[in-house]
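There are 2 protein chains.
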Amino acid sequence: MNSRKRRLARVTLVAGAVAAAALAVVAQERSFDQLYAPIQPPKSVDLGKVELGKKLFFDPRLSQSGFISCNSCHNLSMGGSDNLSTSIGHKWQKGPINAPTVLNSALNLAQFWDGRAADLKEQAGGPIANPGEMAFQHTLAVDVLQSIPAYAREFKLIYGKDKIDIDMVTDAIAEFEKTLVTPNSRFDQYLLGKKDALTKDELAGYKLFNESGCVACHNGPNLGGNSFQKMGIVEPYKGAGDGRAAVTGKDADRFSYKVPTLRNVELTYPYFHDGAAWTLAEAVDIMGRLQLGRKFTEQENAQIVAFLKTLTGEQPVFRLPILPPSNEKTLRPRPFD
Amino acid sequence: MNSRKRRLARVTLVAGAVAAAALAVVAQERSFDQLYAPIQPPKSVDLGKVELGKKLFFDPRLSQSGFISCNSCHNLSMGGSDNLSTSIGHKWQKGPINAPTVLNSALNLAQFWDGRAADLKEQAGGPIANPGEMAFQHTLAVDVLQSIPAYAREFKLIYGKDKIDIDMVTDAIAEFEKTLVTPNSRFDQYLLGKKDALTKDELAGYKLFNESGCVACHNGPNLGGNSFQKMGIVEPYKGAGDGRAAVTGKDADRFSYKVPTLRNVELTYPYFHDGAAWTLAEAVDIMGRLQLGRKFTEQENAQIVAFLKTLTGEQPVFRLPILPPSNEKTLRPRPFD
């Protein structure tokens, strides 16, 4: 096999069953639609947990400093992300990786770029105790909450127990996060039958997105989030990192990451696990070359970007939560220790 | 004059006209009521500016790092404060002073502890350009906003000009801040005629607050915020700082600070310009001894604290704003430069 054929073989390998199905129906363009699905509101949520979890999500007292909350890096004013290459943690530490959006994250097959958390509940405990992020301890975070009567009562109401534990904390945060969906994007309107929801350029971008193979990894309701793939298939990516191998221990999983959702991608810059690409044009160009072995023309690139911007859905709307105050028994924040 | 008389003379001096009036009516206890006033909603606001200012208040792109917004230190989930002794600024710098609450701040005679800003509009420009806080430059902040079409359009709609300037930015933020009032506290209900709004202990605390002289400085609708006073009248306060002298250049103004509002004081811990007192009991004890030469008994202290907690009003209720995204023309944040 020559180099070109090897590339193609590799692309085909990665694209897998979904891409194969997609390629089989390339003649019937509209059949690509079935590889996606509109974002749906969650079918069942526990509203008590949602309201409690919302407070916890915004409460910086889950950090040692009293300054960093979940919302600091998954800012719900900014697409559930911090719009920084890598996040800022306790004492302004520079994080090792880009903060993925929390929006629609319940749809992902696992959490974190390397998928080391099975679900949102498991994820929520990570940053609280990570010395480079919120730098706290689960036991201390629970002590803080337990000391605040309004929290103690709310946990008791919902979980039926006098003593709060970290499982309840992460369970409530995860329940709130389940509500962070963004339905009714123009792409979803299109999928649901409003055929004029996309402009001619956006439709051209959608066609390119499908036929050039982006869909191989970015499919399903979240246009991603449902598989791990190697970063740098055709050409290597600089600074690819360990990726999924940190979880599986398998050398084959090096440079592999959970495919990020493209939902609201207009809002969740910068892009990639290292946040190195600041614009959609740059991200599309790099993905085309490194993953598909294809250099998109300027026009093609612009059309794909136009399509990607149709993935911005309705952002979660809710009142800023008011947090119950600490008191004399509450462990005090230690921002400079 | 002996030492005791000197203390009393000094207290009387500081208490001034308001205290004199108060003392004159001490026999008619209820007459103290007229030294206060309920919090009123603003009589006139420009809703366009309010909505724009709300976005700006939550937008960390007004900082060099892209991580710190007005709401970082004046957190509207936490009484408009950060509940830290002194704030955390760019690169985790430790601030020199406690962040005052933004709630009801339009009622203050000036802004900042030393009153160096005449009003909210002037105040809003300070932290953006302060190297220890948001560490940005006004020109760059304006450039960021101008590059974002949705902001450019909103400024044009409201101010009628194609080019944004920093005056518009601070004007809109100030207009939003005017809405951050907290009406309908139980104390306000009491002032408005609901005589059973306060419990027996709270009323006893109110009586003590008046008759021991707290009212001399903490009066008016904001129970403070309307005069500068020396910290440490009867006894010196450790770490009193330059205070108002930094503005006036007068030696007599050393250790003087704007009297903080006691509205929502239950939420705005820790207390004093240095945030050294973490509990209301501690703050009341120190104020009694240093400002009034009076050691409150444990019961008196508890009654005053009970009264102070009746000053918690209805917190501002609004939807978390969604910020328009940056684009390829937007200056990128520089958190680690």
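These protein sequence lines map, in sequence, to chains A and B. Numbering-wise (the UniProt record's numbering), the first sequence opens with residue 1 and increments by one. Numbering-wise (the UniProt record's numbering), the second sequence opens with residue 1 and increments by one. C-beta atoms are modelled at their ideal positions from N, C-alpha and C, and glycine is treated no differently.
Going by C-alpha positions, N327 of chain B is about 37 Å away from S85 of chain B. Excluding five sequence positions before and after R61 of chain B, the CB atoms of its chain that fall closer than 6 Å to its own CB belong to V144, given in chain order. Here Q291 of chain B carries a helix assignment [DSSP, helix/strand/coil].
Taking each of A:D114, A:L52, A:I39, A:P131 in turn and checking the Cα distance to P260 of chain A, the smallest one comes out for A:D114. A Cβ of chain B is located within less than 7 Å of the beta carbon of E328 of chain A. The region 161-171 of chain A makes contact with the region 116-129 of chain A; the number of CB pairs closer than 8 Å reaches 3 or more. Chain-ordered listing is empty here: chain A has no CB closer than 9 Å to the CB of S81 of chain B, the nearest sitting near 10 Å. G239 of chain A is outside the set of residues whose beta carbon lies under 7 Å from a beta carbon in chain B. Check the Cα spacing between T310 of chain A and each of A:Q40, A:E298, A:L267, A:K295: the tightest is with A:L267. For S256 of chain B, the uninterrupted beta strand (DSSP E) segment begins and ends at 256-258.
By DSSP's assignment, A117 of chain A forms a beta bridge with A:Q111.
For Q229 of chain B, the enclosing beta strand (DSSP E) starts and ends at 228-230.
Cβ-Cβ distances below 6 Å link D46 of chain A to E175 in the same chain, with the five nearest sequence neighbours on each side left out; the list follows chain order. W92 of chain A is not a Cβ neighbour of K94 of chain B, given a cutoff of 7 Å. Under DSSP, N184 of chain A forms no beta bridge with any residue. Under the three-pair Cβ rule at 8 Å, the region 239-258 of chain A does not count as touching the region 285-299 of chain B. Among the residues of chain B, those whose CB is under 7 Å from the CB of V317 of chain A are R319, following chain order. Look at F272 of chain A: its C-beta is not under 7 Å from any C-beta on chain B. Beta-bridge partners of I322 of chain B (DSSP): none assigned.
Each of B:Y257, B:A281, B:D253, B:K178 was checked against the Cα of D274 of chain B, and the nearest Cα belongs to B:Y257.
If you ignore the 5 residues before and after Q299 of chain B, its C-beta comes within less than 6 Å of no other C-beta in its own chain. L180 of chain B is a Cβ neighbour of V102 of chain B, given a cutoff of 7 Å.
If you ignore the 5 residues before and after Q291 of chain A, its C-beta comes within less than 7 Å of the C-beta of I233, V234, all in its own chain and listed in chain order. Taking G225 of chain A as the centre and dropping the five residues before and after it, the same chain places the C-beta of N104, S105, L107, N108, L109, K258, V259, P260, T261 closer than 8 Å to its C-beta, in chain order. When C-beta distances to chain B are compared with 9 Å, the residues of the region 267-293 of chain A below that value are L267, T268, Y269, P270, W278, T279, L280, A281, E282, in chain order. Within chain A, the residues S77, M78 have their CB atoms less than 8 Å from the CB of L323 of chain B, given in chain order. Annotation for K91 of chain B: no alpha helix (DSSP H) segment contains it, and DSSP assigns it neither H nor E. Looking at the DSSP output, G220 of chain B sits in a beta bridge with B:Y36.
Excluding five sequence positions before and after A99 of chain B, the CB atoms of its chain that fall closer than 8 Å to its own CB belong to C73, H74, S81, D82, L84, T86, S87, given in chain order. Scanning chain B for C-beta atoms nearer than 9 Å to the C-beta of S63 of chain A yields nothing, as the closest lies near 11 Å away. The three-state reading of DSSP puts S72 of chain A in helix, counting H, G and I together. A residue is called buried when at least 16 other Cβ atoms come within 10 angstroms of its Cβ; P321 of chain B meets this threshold and is buried. Just measuring C-alpha positions, the residue of B:R244, B:R263, B:H218, B:Y206 sitting nearest N301 of chain B is B:Y206. Here G243 of chain B is bridged, per DSSP, to B:S256.
Straight-line spacing of the CA atoms in R186 of chain A and D165 of chain A works out to 42 Å.
Between the alpha carbons of S44 of chain B and V142 of chain A lies a distance of about 44 Å.
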